[in-house]
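In the numbering used here, the protein residues as written are 8 to 126. Below is one structure, written out as structure tokens; comments come after it.
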């Protein structure tokens, strides 16, 4: 079970590193295809997207940090904190932007939370 949780946390961290890259560095190059939006629309929100990307990077950093925490209780608490943040962000994004965000962000985080809690 611990290995599955670690793999899931690593996968979620990678997803958020990808989101960081996409929003901070590829918003106007890969963004139009990834978000199915015209380039002109994304140009207007480039600074805002970079800010969002930075926040996603902090979420990824928090999850990556858990791999270096040796105390089991702290590891669990830090992992749960960042996974809950991601789940809430994914649910909010699904309600306000697109349902796709729920499946990309919230579902993996919720699955990891459930596995941690039943462990």
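By construction, the Cβ of each residue, glycine as well, lies at the ideal position given by its N, Cα and C atoms. This structure is a prediction, so every number in the text was calculated from the model and none was measured.
Return the Cβ separation of residue i and residue j in integer angstroms, given the expectation that the two are a contact with Cβ distance under 8 Å.
i	j	result
residue 53	residue 28	Residue 53 to residue 28, Cβ: 14 Å. No contact.
residue 101	residue 19	Contact doesn't hold; Cβ gap of about 16 Å is too wide.
residue 49	residue 64	Residue 49 to residue 64, Cβ: 19 Å. No contact.
residue 93	residue 112	6 Å
residue 83	residue 123	6 Å
Check whether the Cβ atoms of residue i and residue j sit closer than 9 Å, and answer yes or no.
i	j	result
residue 68	residue 16	no
residue 116	residue 91	yes
residue 66	residue 23	yes
residue 103	residue 89	no
Look up residue i in the DSSP assignment and say whether it is helix, strand or coil.
i	result
residue 105	coil
residue 35	coil
residue 51	helix
residue 146	In the structure displayed, the chain extends from 8 to 126; residue 146 sits before or after that span and is not available.
residue 115	helix
residue 127	Given a span of 8 to 126 for the chain in the structure shown, any question on residue 127 remains unanswerable.
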